[in-house]
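Contents: one structure, followed by commentary.
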Amino acid sequence: MKKFLAVLTVIIAFVGFTAMQTSQSEFKFEKETHDFGKIAQGTPVSYSFKFSNAGSEPIIISDVKPSCGCSVAEFTKTPIKPGDTGTIKVTFNAASKAPFTKSFTVTSNTKTPVKTLYIKGIVE
């Protein structure tokens, strides 16, 4: 009888913990990579990554870090409720002529707490 109660307790605890983990916030981006194509040297270009909250809890973005000093990011600072949308606007200032790929690391409270967005193109 004691073994039965112990097994039953473990099963109930497992089901409870599993249920708690499914109620989280989750990003759903329209796209995670943007290709600028050909851009002019010395002319900043921007793109807004749009996303929605596909989870059941608000999304809170704590930081967006660009991979280099030639890029900056602005993001929605208020919590994004389930079903609502937000944006992460990235700006790249090309100093030298060459193909480029830059990343932006998004840190949040979502099911996947670290997400990476990319921009690419060719500076002429």
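With mature numbering (1 follows the signal peptide of the UniProt record, and there is no 0) applied, the sequence shown corresponds to residues -19 to -1, 1 to 105, in that order. C-beta atoms are modelled at their ideal positions from N, C-alpha and C, and glycine is treated no differently. Note that the coordinates shown come from a computational prediction; the quantities given were computed from them, not determined experimentally.
{"Asked": "Three-state secondary structure assigned by DSSP to S89", "Found": "strand"}
{"Asked": "Range of the contiguous beta strand (DSSP E) that encloses I103", "Found": "V95 to V104"}
{"Asked": "Nearest to residue 131 (by Cα), restricted to the options I103, Y99 and E105", "Found": "This structure gives no information on residue 131, because the portion of the chain shown stretches from -19 to 105."}
{"Asked": "Close Cβ partners of F17 (< 6 Å) along its chain, the five nearest in sequence each way excluded", "Found": "V26 and G102"}
{"Asked": "N74, DSSP secondary structure in three states", "Found": "coil"}
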